[in-house]
Amino acid sequence: MEIGVEQGLIYDNPAKSIPRATVRQKQLTLPEMDQFDAFVREVEAGGGSHGCKNANLVRFLAYGGFRFNEAKNITWADCNFDKSEITVRGDPETGTKNWSIRRVPMIDEMRQLLEKLRAAQPTAQPTEPVIDVHDCRKAMTRAAKKVGFPRLTHHDLRHLFATRCIESGVDIPTVSKWLGHKDGGALAMRVYGHLRDVHSADMAKKVRFGVGTDAGAMDTPIHV
Numbered sequence: 001m002e003i004g005v006e007q008g009l010i011y012d013n014p015a016k017s018i019p020r021a022t023v024r025q026k027q028l029t030l031p032e033m034d035q036f037d038a039f040v041r042e043v044e045a046g047g048g049s050h051g052c053k054n055a056n057l058v059r060f061l062a063y064g065g066f067r068f069n070e071a072k073n074i075t076w077a078d079c080n081f082d083k084s085e086i087t088v089r090g091d092p093e094t095g096t097k098n099w100s101i102r103r104v105p106m107i108d109e110m111r112q113l114l115e116k117l118r119a120a121q122p123t124a125q126p127t128e129p130v131i132d133v134h135d136c137r138k139a140m141t142r143a144a145k146k147v148g149f150p151r152l153t154h155h156d157l158r159h160l161f162a163t164r165c166i167e168s169g170v171d172i173p174t175v176s177k178w179l180g181h182k183d184g185g186a187l188a189m190r191v192y193g194h195l196r197d198v199h200s201a202d203m204a205k206k207v208r209f210g211v212g213t214d215a216g217a218m219d220t221p222i223h224v
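Going by this note's numbering, the sequence shown opens with residue 1, and the numbers climb by one from there.
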């Protein structure tokens, strides 16, 4: 509308008085570790001939925090086992969402998954993709229903990665960097900030002001 005004096509912008709607943050409902294990097993068991491949895609997304379009373009050449990191380049033509290349560390589960996949594909060329199935939404929907959990999407697995990292003690700016955010952690803080508060409360329980400081010590009267 504003462009139309600038070009002289209309006299006024009828939408200028409409306030911008507030974007509501999605309520994340993510599986706990035992629920995730059961979910992946169901994906693997119920996917027919592609069950194992579907389960590997689920694990790959969850263990790396990749966007779906990033994950399907990761090749064996991008997996550096010596440095324990994966280079994320995105689509060959359009790149990643923010046009930058980033490196994500291999957590233990990711390394085990990659070693398993590599052993099953000993002749795979460096330019070949690590994951050769590009969509498992139907299998995920069916598995979630089977285990009694709300529907999970590919992007929910990215949230799951970030959540597990923060719950494990990784600071939000570092997690944000692994996710490929360029805002210094502002978005991650809005989405996952409540996890930091829980972690902070747990860490506070470890703070002591002396060898003899414990819950029983507070029974001693304090004179003011």
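All C-beta atoms, glycine included, are put in the ideal place defined by N, C-alpha and C.
State the start and end residues of the unbroken beta strand (DSSP E) segment that holds E85.
In the sequence shown, the residue the question calls residue 85 occupies position 85. Its beta strand (DSSP E) spans residues E85 to V88.
To which residues does DSSP link V104 through a beta bridge?
The residue given as residue 104 occupies position 104 in the sequence shown. I86.
Since W178 and G65 should fall inside the 8 Å C-beta cutoff, what is the C-beta to C-beta distance between them, to a whole number of angstroms?
Here residue 178 refers to the residue found at position 178 when the sequence shown is read from its first residue. Here residue 65 refers to the residue found at position 65 when the sequence shown is read from its first residue. For a cut-off of 8 Å, the C-beta gap from W178 to G65 is around 6 Å, short enough to register as a contact.
May I ask you to report which of helix, strand or coil DSSP gives D78?
Locating residue 78 in the sequence shown gives position 78, counting from the first residue. In this structure, D78 counts as helix in the three-state DSSP scheme.
Between R41, C165 and V175, which has its C-alpha nearest A144's C-alpha?
Position 144 of the sequence shown, counting from 1, holds the residue named residue 144. R41 is the residue among R41, C165 and V175 whose C-alpha sits nearest the C-alpha of A144.
Selection from R137, V130, I18 and A204 that minimises the alpha carbon distance to D78
Here residue 78 is taken as the residue at index 78 of the sequence shown, counted from 1. Nearest C-alpha to D78: V130.
Checking 8 Å against the spacing of the C-beta atoms, do I235 and V58 come in under that value?
Lying before the first or after the last residue shown, residue 235 is absent from the chain, which here runs from 1 to 224.
Measuring alpha carbon to alpha carbon, tell me which of F68, E32 and M1 ends up nearest S17.
Your numbering for residue 17 matches position 17 in the sequence shown. Relative to S17, the option among F68, E32 and M1 whose CA is nearest is M1.
8 Å CB neighbourhood of L114 in its chain, flanking five on each side removed
Residue mapping note: residue 114 aligns to position 114 of the sequence shown, counting from 1. The answer, listed in chain order, is C79, F81, M106 and V130.
List the residues that DSSP assigns as beta-bridge partners of P31.
Residue numbering aside, residue 31 sits at position 31 when the sequence shown is read from its first letter. Among the bridge pairs identified by DSSP, P31 is matched with none.
Residues bridged to P129 (per DSSP):
Numbered from 1 along the sequence shown, position 129 holds the residue referred to as residue 129. According to DSSP, which records beta bridges pairwise, P129 is partnered with T75.
Under the DSSP definition of a beta bridge, which residues are partnered with D202?
Taking the first residue of the sequence shown as 1, we reach residue 202 at position 202. Under the DSSP definition of a beta bridge, D202 lacks any partner.
Mind checking which residues open and close the alpha helix (DSSP H) that includes F60?
For the purposes of this step, residue 60 is identified with residue 60 of the sequence shown, where counting begins at 1. G51 to G64 is the span of the alpha helix (DSSP H), which, as asked, contains F60.
In its own chain, which residues sit with a C-beta less than 7 Å from the C-beta of D12, not counting the 5 before and 5 after it?
Locating residue 12 in the sequence shown gives position 12, where the first residue counts as 1. Here the set comprises V5.
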